[in-house]
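First the structure, in the form of structure tokens, and then the observations on it.
Protein chains: 2
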Amino acid sequence: MDKTLIGALDIGGTKIAAMVANADGPLLRLSAPTIKIGAARAVGDQALSLLNTVCVQAGIEPGALAAVGVASCGPFTEIDGMLALATPNICGGKSGRADLPNDWEAIPLEAVLREQFQTIQIEIDCVAALAGERAFGGAQGESNCVYVTWSTGIGFGLCVDGHLLRGKHGNAGHGGHMLMDPQSDALCGCGNRGDLEALIAGRAIGQRAGLSTPALFAAAAAGDHAARAAVEAAAAWLGRALYNLAVILDTRLFLIGGSVWLHHGSWLAPIVQREIDARMPALTHGVLLQPAALGALTADIGALTLVMPDSWRPHWNRTQPWRALAGD
Amino acid sequence: MDKTLIGALDIGGTKIAAMVANADGPLLRLSAPTIKIGAARAVGDQALSLLNTVCVQAGIEPGALAAVGVASCGPFTEIDGMLALATPNICGGKSGRADLPNDWEAIPLEAVLREQFQTIQIEIDCVAALAGERAFGGAQGESNCVYVTWSTGIGFGLCVDGHLLRGKHGNAGHGGHMLMDPQSDALCGCGNRGDLEALIAGRAIGQRAGLSTPALFAAAAAGDHAARAAVEAAAAWLGRALYNLAVILDTRLFLIGGSVWLHHGSWLAPIVQREIDARMPALTHGVLLQPAALGALTADIGALTLVMPDSWRPHWNRTQPWRALAGD
Chain A
1 MDKTLIGALD IGGTKIAAMV ANADGPLLRL SAPTIKIGAA RAVGDQALSL LNTVCVQAGI
61 EPGALAAVGV ASCGPFTEID GMLALATPNI CGGKSGRADL PNDWEAIPLE AVLREQFQTI
121 QIEIDCVAAL AGERAFGGAQ GESNCVYVTW STGIGFGLCV DGHLLRGKHG NAGHGGHMLM
181 DPQSDALCGC GNRGDLEALI AGRAIGQRAG LSTPALFAAA AAGDHAARAA VEAAAAWLGR
241 ALYNLAVILD TRLFLIGGSV WLHHGSWLAP IVQREIDARM PALTHGVLLQ PAALGALTAD
301 IGALTLVMPD SWRPHWNRTQ PWRALAGD
Chain B
1 MDKTLIGALD IGGTKIAAMV ANADGPLLRL SAPTIKIGAA RAVGDQALSL LNTVCVQAGI
61 EPGALAAVGV ASCGPFTEID GMLALATPNI CGGKSGRADL PNDWEAIPLE AVLREQFQTI
121 QIEIDCVAAL AGERAFGGAQ GESNCVYVTW STGIGFGLCV DGHLLRGKHG NAGHGGHMLM
181 DPQSDALCGC GNRGDLEALI AGRAIGQRAG LSTPALFAAA AAGDHAARAA VEAAAAWLGR
241 ALYNLAVILD TRLFLIGGSV WLHHGSWLAP IVQREIDARM PALTHGVLLQ PAALGALTAD
301 IGALTLVMPD SWRPHWNRTQ PWRALAGD
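Listed in order, the protein sequences are those of chains A and B. Take 1 as the starting number for the first sequence in my numbering and just add one per residue. Take 1 as the starting number for the second sequence in my numbering and just add one per residue.
Below, the structure is given as structure tokens:
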């Protein structure tokens with residue numbers, strides 16, 4: 001029997017999750033709030049420590065992990081040729097936000113992880129999510145597909161001609177920052193006005209209507225006209241952005257996930273689809289929208305997929321062993 | 001000595017060009033106005049006929065061509081699994097334009113070319129141009145680069161992680177139709193309002209100012225404030241579109257060609273660069289703009305590159321044998 005063991009990390013602005021798996025499936029997953037104090041390497045150290053804890057609790061020697069896949073929030077930058085995180089909602093030196101108790105300009109993630117592990121692959125979380133969806137989810141066998149997350153932020157994982165796109169520093173898919181409306185004064189965390197994330201990111205939709213986003217969606221569901229118009233306008237912006245991606249990349253399939261879509265995708269999907277279908281039929285005819293299939297664990301499973309032996313896939317596909325895990 | 005012979009076709013809405021080459025370089029190039037009457041297969045037949053004429057005039061048996069590379073205007077569609085052209089400025093059935101003397105819905109290009117040639121590779125002209133620029137021009141050794149044409153239309157060839165992007169029907173790079181300004185009433189030939197091509201395509205810039213485009217540029221060069229503002233606004237739109245591509249694809253290098261850039265790129269480049277540099281430094285820091293290096297023949301050389309034996313490249317790079325050819 002294949003005794004290979006692999007690890008996975010999902011590094012986000014709110015929490016870090018660590019997981020170990022063997023050929024039969026994930027063994028254990030733990031998560032913890034992302035550390036934001038100390039030296040800039042603290043996040044990498046925390047990730048290593050959490051992964052070591054998962055190993056110990058699962059009865060594994062941490063040194064036995066053959067490889068570690070990492071799904072991380074971005075954007076990435078490079079320090080000495082290795083990937084580092086320049087994430088505004090973790091790095092106080094990057095965002096200048098008073099609520100971040102550090103002055104980090106960049107977090108040396110790859111350098112710290114390589115102190116313990118030789119074989120690692122780090123991707124933006126949406127890229128990892130798409131790897132997972134292509135292996136086990138809704139994009140199996142589809143060479144031209146895009147993973148979309150509509151949540152606190154808007155991000156994409158892109159696949160064209162069967163290649164997952166990475167770009168010069170692994171940042172391909174940051175299309176949440178594409179400019180959509182030059183007249184808008186909606187402000188994005190990145191400083192842009194009128195980019196996609198400024199217009200429709202989770203909190204932004206509610207804020208502009210003077211409500212919390214859940215309250216806005218509840219009002220829309222209860223038939224409030226203004227609330228409904230605000231939510232439908234947000235879905236239309238997403239549709240225009242997906243249309244843009246479809247003509248740039250000649251995509252066939254969009255898989256949409258993230259908390260907003262998870263809760264409201266079923267009634268918003270026709271609005272998004274209409275914006276895609278309304279233009280350039282030579283490129284948009286037959287373009288499909290589907291909900292992402294792997295749910296809240298999509299980035300975690302994606303991180304495993306990045307380093308998983310191909311020979312594991314048929315068994316995992318058949319048994320879907322991640323279903324036993326709880327997300328958070 | 002390598003006696004391989006290859007052919008190339010450059011199929012545009014205005015003219016078709018055919019070329020043959022051997023290991024030493026191109027032997028002959030001819031062009032003719034694109035046919036727009038008869039059966040839908042007429043364009044493919046004309047391309048074959050022109051290529052046969054080039055062969056005969058070059059003293060070559062047409063059957064001796066080992067492969068034919070094709071750079072074509074788009075968009076492509078598929079008929080029976082083979083690429084066909086659905087180009088609005090050739091197909092009367094597609095555009096409904098009264099000045100097109102045909103009712104073609106789609107031109108069966110690949111099917112007709114395959115009647116004579118087994119080994120062909122067909123790409124959108126900007127994709128072929130990027131293949132040429134990566135082999136012999138300004139993008140050598142650069143894995144994350146975009147070719148941009150600013151001419152009658154706006155098109156892109158995209159390369160990410162060393163892969164030329166094609167998409168589900170070879171239409172990747174149609175970002176000239178990305179939506180830029182939802183308030184704009186500028187109308188694109190595709191029916192979109194406010195997409196990039198509607199805002200800045202060659203004729204559109206002049207039309208909106210009530211002038212021919214050359215007259216507008218001449219007025220701008222002569223110091224007319226309104227003309228200068230119109231041209232600078234167009235360059236800023238291009239810059240915003242390139243910024244969008246840079247965050248979607250994590251691009252390092254933009255190579256810009258096409259007639260507008262060829263004549264005015266040197267003074268417009270800083271405006272375009274400024275729009276890229278003004279946003280998301282983690283992704284845009286170090287992004288370069290350069291003029292395309294292969295000039296008017298870029299798509300033709302690109303078409304040859306698509307089917308050229310790798311062993312020819314060092315000699316072609318050294319001798320730049322295409323310089324003996326005249327473009328049109």
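Every residue, glycine too, gets a C-beta built ideally from N, C-alpha and C. Quantities reported herein were computed from a predicted structural model and do not represent experimental measurements.
Nonlocal neighbours in the same chain, by C-beta distance under 8 Å from residue i, ignoring five residues either side
{"i": "P329 (chain A)", "result": "Any answer about residue 329 (chain A) is impossible in this case: the structure gives chain A only from 1 up to 328."}
{"i": "L48 (chain B)", "result": "V112, L113, E115, Q116"}
{"i": "N192 (chain A)", "result": "H177, L179, A198"}
{"i": "I120 (chain A)", "result": "A67, V68, G69, V70, E110, L113, R114, V307"}
{"i": "L100 (chain B)", "result": "K36, N89, I90, C91, G92"}
{"i": "C55 (chain A)", "result": "G7, V20, E61, P62, A64, L65"}
{"i": "N171 (chain B)", "result": "G74, P75, F76, I124"}
Assigned exposure category for residue i - 16 Cβ within 10 Å defines buried
{"i": "S212 (chain B)", "result": "exposed"}
{"i": "T284 (chain A)", "result": "buried"}
{"i": "G248 (chain A)", "result": "Residue identity check: residue 248 (chain A) is Ile in the sequence provided, not Gly. So I248 (chain A) counts as buried."}
{"i": "A84 (chain A)", "result": "buried"}
{"i": "H263 (chain A)", "result": "exposed"}
{"i": "H225 (chain B)", "result": "exposed"}
{"i": "G108 (chain A)", "result": "The residue you asked about is not Gly; residue 108 (chain A) is Pro in the sequence shown. Flag for P108 (chain A) reads buried."}
{"i": "S31 (chain B)", "result": "buried"}
{"i": "A357 (chain A)", "result": "Here chain A covers residues 1 to 328 and nothing more, so residue 357 (chain A) does not appear."}
{"i": "A334 (chain B)", "result": "Any property of residue 334 (chain B) remains undetermined from this structure, which presents chain B solely from 1 to 328."}
{"i": "D250 (chain A)", "result": "buried"}
For residue j and residue i, the rounded distance between their alpha carbons
{"i": "Q46 (chain B)", "j": "I35 (chain B)", "result": "7 Å"}
{"i": "Q207 (chain B)", "j": "G132 (chain A)", "result": "49 Å"}
{"i": "V260 (chain B)", "j": "W322 (chain A)", "result": "55 Å"}
{"i": "L50 (chain A)", "j": "W316 (chain B)", "result": "55 Å"}
{"i": "E123 (chain B)", "j": "L289 (chain B)", "result": "24 Å"}
{"i": "L9 (chain B)", "j": "V272 (chain A)", "result": "39 Å"}
{"i": "V20 (chain A)", "j": "I6 (chain A)", "result": "6 Å"}
{"i": "V287 (chain A)", "j": "R318 (chain B)", "result": "45 Å"}
{"i": "A246 (chain B)", "j": "G173 (chain B)", "result": "13 Å"}
{"i": "G12 (chain A)", "j": "P75 (chain B)", "result": "40 Å"}
{"i": "A64 (chain B)", "j": "L27 (chain B)", "result": "14 Å"}
{"i": "I375 (chain B)", "j": "G239 (chain B)", "result": "Absent from the structure is residue 375 (chain B), since the part of chain B shown begins at 1 and ends at 328."}
{"i": "G157 (chain A)", "j": "A128 (chain A)", "result": "8 Å"}
{"i": "A324 (chain A)", "j": "G265 (chain A)", "result": "25 Å"}
{"i": "Q347 (chain A)", "j": "R252 (chain A)", "result": "Not covered by the structure: residue 347 (chain A). The range shown for chain A is 1 to 328."}
{"i": "D185 (chain A)", "j": "A296 (chain A)", "result": "32 Å"}
{"i": "A86 (chain B)", "j": "T53 (chain A)", "result": "58 Å"}
{"i": "G194 (chain B)", "j": "T305 (chain B)", "result": "35 Å"}
{"i": "D24 (chain A)", "j": "G38 (chain A)", "result": "38 Å"}
{"i": "A18 (chain A)", "j": "Q118 (chain A)", "result": "17 Å"}
{"i": "V148 (chain A)", "j": "N244 (chain B)", "result": "16 Å"}
{"i": "E275 (chain A)", "j": "G153 (chain B)", "result": "23 Å"}
{"i": "G155 (chain B)", "j": "G302 (chain B)", "result": "15 Å"}
Residue i, DSSP secondary structure in three states
{"i": "A111 (chain A)", "result": "helix"}
{"i": "Q118 (chain B)", "result": "coil"}
{"i": "N22 (chain A)", "result": "strand"}
{"i": "A201 (chain B)", "result": "coil"}
{"i": "L5 (chain A)", "result": "strand"}
{"i": "D99 (chain A)", "result": "coil"}
{"i": "A106 (chain A)", "result": "coil"}
Own chain residues within Cβ distance below 7 Å of residue i, not counting five before or after
{"i": "W237 (chain B)", "result": "M180, L196, L199, I200"}
{"i": "A42 (chain B)", "result": "I35"}
{"i": "A209 (chain A)", "result": "L216, A227, A230"}
{"i": "E78 (chain B)", "result": "A84, H169"}
{"i": "G138 (chain B)", "result": "L255, Q290, A292, A293"}
{"i": "G162 (chain A)", "result": "S143"}
Sequence-distant residues of the same chain with beta carbon closer than 6 Å to residue i, five excluded per side
{"i": "A40 (chain B)", "result": "W104, I107"}
{"i": "E232 (chain B)", "result": "I271"}
{"i": "P33 (chain A)", "result": "K15"}
{"i": "A234 (chain A)", "result": "I200, I205"}
{"i": "A299 (chain A)", "result": "D10, A71, D125, A128, A129"}
{"i": "R166 (chain B)", "result": "A172"}
Neighbouring residues, chain C, relative to residue i (Cβ below 7 Å)
{"i": "Q183 (chain A)", "result": "You won't find chain C in this structure, because its protein chains are A and B."}
List in chain order: all unbroken beta strand (DSSP E) runs of 3+ residues lying wholly within the region 25–97 of chain B.
For the region 25–97 of chain B, the full-length beta strand (DSSP E) segments reaching 3 residues or more read 25–33, 65–72, 76–79, 82–85 along the chain.
Length at least 4, wholly inside the region 213–297 of chain A: the alpha helix (DSSP H) runs in chain order
If you keep only unbroken alpha helix (DSSP H) runs of at least 4 residues inside the region 213–297 of chain A, you get 213–221, 225–249, 259–277, 281–284.
Quick one: complete alpha helix (DSSP H) runs, 4+ long, within the region 126–190 of chain B?
The qualifying runs do not exist here; there are none.
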